[in-house]
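Data first, discussion second: the structure below is written as structure tokens.
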Amino acid sequence: MTSTEPDMLQDFSSTTLREARPSVVATERLTLRRPTLADVRTIAHLANDRRVAENTRRLPHPYSLDDAVEFVRATAEIGSETVFLIEHDRGPVGMVGIDCSKPDNAELGYWLGVEHWGQGFATEAARGAIDFFFEEFEDDHLYAGARVTNPASRKVLEKCGFQWSGVQLHRFLALGSSTPVDCFRLSRGVWASLKSWSSARRVR
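FYI, full-length UniProt numbering numbers position 119 of the sequence shown as 119, with every residue one higher than the one before it.
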């Protein structure tokens, strides 16, 4: 952030700032919304599991309450990443987000607490975030990746229409090393043809 940007932000009305942040998206069973400091204890509990961290590129392990606070505060800033807390029956179950920091290379990411695996939440949340992305942004492609040792995540991406594009090495914070990742790409055209998959709607 340059030294002039905070002054520029002060010129925006509160309405403009609110509108610039992610909306709330509702799917059949889930609500996707921006995380708040009220969620940090649950986020820390869900994320503090090596099985989650080892399949998520940027999660440290162990994952502390301070890590959760820092994460939530970062999501409150207007930046290049759209982050949603995944909520089921008014309780957080994981996170889904889209990183647009690299031009024309937006990337979908997600994770769920272990106790919420195997219920289809990842696919449903991913589809809600994908709909949000293609409706709000002009990019023609969305990218994603899954560790080659994580067939469940690969299955989620394939259900969402992603097509395999190769294998790359990516560094995982919790592992402290790089590991092979299956890379995937979803085109706007394929998304449009599959749009009937979802009842996702913008709440606000």
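We treat Cβ as the ideally placed atom computed from N, Cα and C, and that holds for glycine.
message: Are the CB atoms of alanine 106 and leucine 142 within a distance shorter than 7 Å?
response: The residue you call residue 142 lines up with position 142 of the sequence shown. The residue you call residue 106 lines up with position 106 of the sequence shown. Closer than 7 Å, so yes.
task: Would you kindly work out how many angstroms separate the C-alpha atoms of phenylalanine 162 and threonine 36, rounded to a whole number?
output: Sequence index remark: in the sequence shown, residue 162 carries index 162 (1-based). Sequence index remark: in the sequence shown, residue 36 carries index 36 (1-based). Our two residues, phenylalanine 162 and threonine 36, have alpha carbons roughly 30 Å apart in a direct line.
- prompt: Within the chosen definition, does the region 35–55 reach the region 63–77 through at least 3 CB pairs nearer than 8 Å?
  reply: Note that the region 35–55 touches the region 63–77; at least 3 beta-carbon pairs, one per stretch, sit closer than 8 Å.
query: Using the C-alpha atoms, what's the distance from tryptophan 111 back to aspartate 89?
result: For this step, residue 89 is matched to residue 89 along the sequence shown. For this step, residue 111 is matched to residue 111 along the sequence shown. Taking the straight line from one Cα to the other gives about 18 Å.
- prompt: Quick one, which of Ser80, Cys183 and Gly91 has its alpha-carbon nearest asparagine 150's?
  reply: Within the sequence shown, the letter at position 150 stands for residue 150. If we check each option's Cα against that of asparagine 150, Cys183 comes out closest.
message: If I follow the unbroken beta strand (DSSP E) through alanine 146, where does it start and stop?
response: Along the sequence shown, one-based indexing puts residue 146 at 146. Run containing alanine 146: 141–147, per the beta strand (DSSP E) assignment.
query: Excluding the five sequence neighbours on either side, which residues of its own chain have a C-beta within less than 6 Å of the C-beta of valine 52, listed in chain order?
result: Along the sequence shown, one-based indexing puts residue 52 at 52. Result list for valine 52: Trp111, in chain order.
task: Closer than 6 Å by C-beta to isoleucine 43: which residues in its own chain qualify, once you throw out the five before and the five after it? Chain order, please.
output: Taking the sequence shown and counting its residues from 1, one reaches residue 43 at position 43. Excluding positions up to five away in sequence, the list reads Ala68.
- prompt: If we call anything under 7 Å between Cβ atoms a contact, is residue 231 one with aspartate 140?
  reply: Within the shown structure, residues of the chain are numbered from 1 to 204, placing residue 231 beyond reach of any answer.
query: If you count every other CB in all the chains shown that lies within 10 Å of the CB of aspartate 104, and 16 or more means buried, which is it?
result: Your numbering for residue 104 matches position 104 in the sequence shown. With fewer than 16 other Cβ atoms inside 10 Å of its own Cβ, aspartate 104 counts as exposed.
- prompt: Between alanine 126 and cysteine 160, is the Cβ-Cβ spacing less than 7 Å?
  reply: Against the sequence shown, residue 126 aligns to sequence position 126. Against the sequence shown, residue 160 aligns to sequence position 160. Less than 7 Å divides the Cβ of alanine 126 from the Cβ of cysteine 160.
- prompt: When every heavy atom of the ligand ADP is checked, does at least one fall within less than 6 Å of the C-beta of glycine 118?
  reply: Absent from the structure shown: the ligand ADP. Ligands present: none.
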